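Taken in order, these protein sequences are the chains called V and D. Note that the first sequence covers residues 173 to 397 in this note's numbering. Note that the second sequence covers residues 173 to 397 in this note's numbering.
Protein chains: 2
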Amino acid sequence: MRLLIIEDEPGIAGFLKDGLEEEYFAVDIAYDGKSGLDLALINEYDLLIIDWMIPALSGIEVCRQVRKAGNPVPILFLTAKDTLEDVLFGLEAGANDYIKKPFEFEELLARIRVQLRNKNQNNDSLSAGILNINPVTHQVFCGSNELILTPKEFSLLEYLIRNKDRVCTRSRIIEHVWDIHFDSDTSVIDVYITFLRRKLEPAGAGNIIQTIRGVGYIIREPGLS
Amino acid sequence: MRLLIIEDEPGIAGFLKDGLEEEYFAVDIAYDGKSGLDLALINEYDLLIIDWMIPALSGIEVCRQVRKAGNPVPILFLTAKDTLEDVLFGLEAGANDYIKKPFEFEELLARIRVQLRNKNQNNDSLSAGILNINPVTHQVFCGSNELILTPKEFSLLEYLIRNKDRVCTRSRIIEHVWDIHFDSDTSVIDVYITFLRRKLEPAGAGNIIQTIRGVGYIIREPGLS
DNA sequence: AAGAATTTTAAGCAAAATTTAAGCTTCCCC
DNA sequence: GGGGAAGCTTAAATTTTGCTTAAAATTCTT
Numbered sequence: 173m174r175l176l177i178i179e180d181e182p183g184i185a186g187f188l189k190d191g192l193e194e195e196y197f198a199v200d201i202a203y204d205g206k207s208g209l210d211l212a213l214i215n216e217y218d219l220l221i222i223d224w225m226i227p228a229l230s231g232i233e234v235c236r237q238v239r240k241a242g243n244p245v246p247i248l249f250l251t252a253k254d255t256l257e258d259v260l261f262g263l264e265a266g267a268n269d270y271i272k273k274p275f276e277f278e279e280l281l282a283r284i285r286v287q288l289r290n291k292n293q294n295n296d297s298l299s300a301g302i303l304n305i306n307p308v309t310h311q312v313f314c315g316s317n318e319l320i321l322t323p324k325e326f327s328l329l330e331y332l333i334r335n336k337d338r339v340c341t342r343s344r345i346i347e348h349v350w351d352i353h354f355d356s357d358t359s360v361i362d363v364y365i366t367f368l369r370r371k372l373e374p375a376g377a378g379n380i381i382q383t384i385r386g387v388g389y390i391i392r393e394p395g396l397s
Numbered sequence: 173m174r175l176l177i178i179e180d181e182p183g184i185a186g187f188l189k190d191g192l193e194e195e196y197f198a199v200d201i202a203y204d205g206k207s208g209l210d211l212a213l214i215n216e217y218d219l220l221i222i223d224w225m226i227p228a229l230s231g232i233e234v235c236r237q238v239r240k241a242g243n244p245v246p247i248l249f250l251t252a253k254d255t256l257e258d259v260l261f262g263l264e265a266g267a268n269d270y271i272k273k274p275f276e277f278e279e280l281l282a283r284i285r286v287q288l289r290n291k292n293q294n295n296d297s298l299s300a301g302i303l304n305i306n307p308v309t310h311q312v313f314c315g316s317n318e319l320i321l322t323p324k325e326f327s328l329l330e331y332l333i334r335n336k337d338r339v340c341t342r343s344r345i346i347e348h349v350w351d352i353h354f355d356s357d358t359s360v361i362d363v364y365i366t367f368l369r370r371k372l373e374p375a376g377a378g379n380i381i382q383t384i385r386g387v388g389y390i391i392r393e394p395g396l397s
């Protein structure tokens, strides 16, 4: 899951990035409205977190532009004021929810999860066949035995399962899991696919990750055609 | 033990926070009904202290909403009036007890303890394997021998045990145990984990605190998968 | 106010995770 | 069947993260 934070205060932005990466999100940061808008329009994010008071282009304006471009990505705005009018103004501009500063990190997290749950209602049970993953507790179960995965391994598996029954192209994987935007010839994905398979097979998941030559990988829900 | 105070007067709120933290409670404050309700619904508190006369959303309304959400957390309300009808009205809205302003801090504390005692009887005690902790007396037993912990050590262990079988991320720990919201660069947690482990191991608790690299720590109840 | 206990900071070290790079295997198309 | 591209595997290099320790700063006690 890939997030963009538009926030000018480096302290807050850094804190959010660290905390969210611990939750296995891939996080980009923009320090002003203009570059934030650029990023939001160029890349495919699963959610935007925008501070209302930022230089170059206000949060509201960014929000409007994103919507004007027809992008329905969930937007959460951070505000110091929470007067009714400000909130209404923000929601009218196209935001989905707001949170008042200073806030608890957990509250932010809860609201992010609400938005992401809304985003793909069909897809919120994160499982495929015998595999079951829990993004909140960071656990992976294969039947009844737990797998111990490293952070990157977990993100990759999560991404594949969230997009199960769809082919995940290499470029999408590298963007969403590694947060690399430019094309580079790296074989990191291959390596991590190998790592995952090596842990999944002995646990009884079989060869659940299938290779689509020339394109990418797919995890299929068994029993569907 | 985590408390939420919903009180608009900063003086009173601050006074309560200080006093309760001396008693080893972790205290959050909300200065109006709306943000108080948000916090109460998102986080898991052991007790709410709500002033009846607060802006944005009245204490009664907050109380009703909490109950409506099916949350059975004990609620203590602060009131300036103590006419019989007001009290009845409050208790009907779902509060568990009330205290009239101005009040003695000791009395408040006593009433809090009553509510928490009730709570503890229903819930199972705070333990994990051979470890047993008592949040009221601040004692830790490992089998039959008592461990002497400093306040911070105790809070950290308590937090981990309260969340046993769940991964506690570094951000959550720093928020709940240290009450730091915007500091990404500290190694206090590592140090305290070392302190705890150094006291726990010789007492026979083994390596009960496990590290989840890149994320945080977890205490597992032995015998569960 | 001095001393003791606790908490925090900082640095070096060790271990784990990640990335890179190279050789090997498989698949596809001619 | 051969050549080449794509993917797989492995090992080594690099980076990140956590552990430990000691010392500094703070808080509590007497």
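Where is the CB? At the ideal position from N, CA and C, for every residue including glycine. Just so you know, these numbers come straight off a predicted model, no measurement behind them.
Asked: 7 Å Cβ shell around V387 of chain V - same chain, five flanking residues per side excluded; Found: V339, T341
Asked: Given 8 Å, three or more beta-carbon pairs between the stretch 319 to 336 of chain V and the stretch 358 to 368 of chain V; Found: yes
Asked: Three-state secondary structure assigned by DSSP to E279 of chain D; Found: helix
Asked: Own chain residues within Cβ distance below 7 Å of L219 of chain V, not counting five before or after; Found: L175, V245, P246, L248, I284, Q287, L288
Asked: Below-8 Å beta-carbon distance, T251 of chain V vs any chain D residue; Found: no
Asked: Reduced DSSP secondary structure (H/G/I, E/B, other) of L175 of chain D; Found: strand
Asked: Neighbourhood of I365 of chain D by C-beta distance below 7 Å, restricted to the same chain and skipping five residues each side; Found: I381, Y389
Asked: Residues of the stretch 344 to 369 of chain V with Cβ closer than 9 Å to any Cβ of chain D, in chain order; Found: none
Asked: Whole-number beta carbon distance between L250 of chain D and I221 of chain D, since they are thought to touch under 8 Å; Found: 7 Å
Asked: Distance between P394 of chain V and I184 of chain V (C-alpha atoms, nearest Å); Found: 43 Å
Asked: Cβ of G376 of chain V within 8 Å of any chain D Cβ; Found: no
Asked: Selection from V:S230, V:I226, V:R392 that minimises the alpha carbon distance to Y331 of chain V; Found: V:R392
Asked: Rounded C-alpha distance that separates Y270 of chain V from E373 of chain V; Found: 43 Å
Asked: Per DSSP, the bridge partner or partners of F313 of chain D; Found: D:N304, D:E318
Asked: Boundaries of the beta strand (DSSP E) in which Y270 of chain V is found, first to last residue; Found: 269 to 272
Asked: Candidates D:E194, D:L188, D:A198, of which the one nearest M173 of chain D by Cα; Found: D:A198
Asked: Contact set for W224 of chain D: own chain, Cβ-Cβ below 6 Å, skip 5 residues either direction; Found: G231, F249, T251
Asked: Run of the beta strand (DSSP E) containing I346 of chain V, from where it starts to where it stops; Found: No beta strand (DSSP E) contains I346 of chain V, which is instead part of the alpha helix (DSSP H) from 342 to 348.
Asked: Nearest candidate by alpha-carbon position, reference G376 of chain D, set D:N306, D:A300, D:D351, D:A228; Found: D:A300
Asked: Of the listed residues D:I302, D:K336, D:R236, nearest to A265 of chain D (C-alpha basis); Found: D:R236
Asked: Chain-ordered neighbours of K272 of chain V on chain D, where CB pairs are closer than 8 Å; Found: S207
Asked: From D:D337, D:D210, D:T383, residue whose alpha carbon lies closest to that of L298 of chain D; Found: D:D337
Asked: Short CB-CB distance (under 8 Å) between I184 of chain V and chain D; Found: yes
Asked: Residues of the stretch 189 to 214 of chain V whose Cβ lies closer than 9 Å to any Cβ of chain D, in chain order; Found: K189, D190, G191, L192, E193, E194, E195, Y196
Asked: Straight-line gap, L188 of chain V to Q311 of chain D (C-alpha atoms, nearest Å); Found: 35 Å
Asked: Where E276 of chain V meets chain D, residues with beta-carbon distance less than 9 Å; Found: D200, L211, I214, N215, E347, H353
Asked: Own chain residues within Cβ distance below 7 Å of I383 of chain V, not counting five before or after; Found: Strictly speaking, residue 383 of chain V in this sequence is Thr, with Ile absent from that position. Y389, listed in sequence order.
Asked: Within-8 Å CB hit, A282 of chain V to chain D; Found: yes
Asked: H310 of chain D beta carbon near the ligand ADP (any heavy atom closer than 7 Å); Found: The ligand content of the structure shown is nil, which means the ligand ADP is not present either.
Asked: C-alpha distance - S343 of chain V paired with N335 of chain V, whole-angstrom precision; Found: 14 Å
Asked: C-alpha gap between R385 of chain V and S316 of chain V, whole angstroms; Found: 32 Å
Asked: Residue(s) in a DSSP beta bridge with F249 of chain V; Found: V:I222, V:Y270
Asked: Under the three-state DSSP convention, the category D200 of chain D falls into; Found: strand
Asked: Euclidean distance between Cα positions of L319 of chain D and D351 of chain D; Found: 25 Å
Asked: Reduced DSSP category for S207 of chain D - H, G, I as helix; E, B as strand; rest coil; Found: helix
Asked: Same chain, Cβ closer than 6 Å to A114 of chain V, five either side skipped, listed in chain order; Found: Residue 114 of chain V is absent from the model: chain V starts at 173 and stops at 397.
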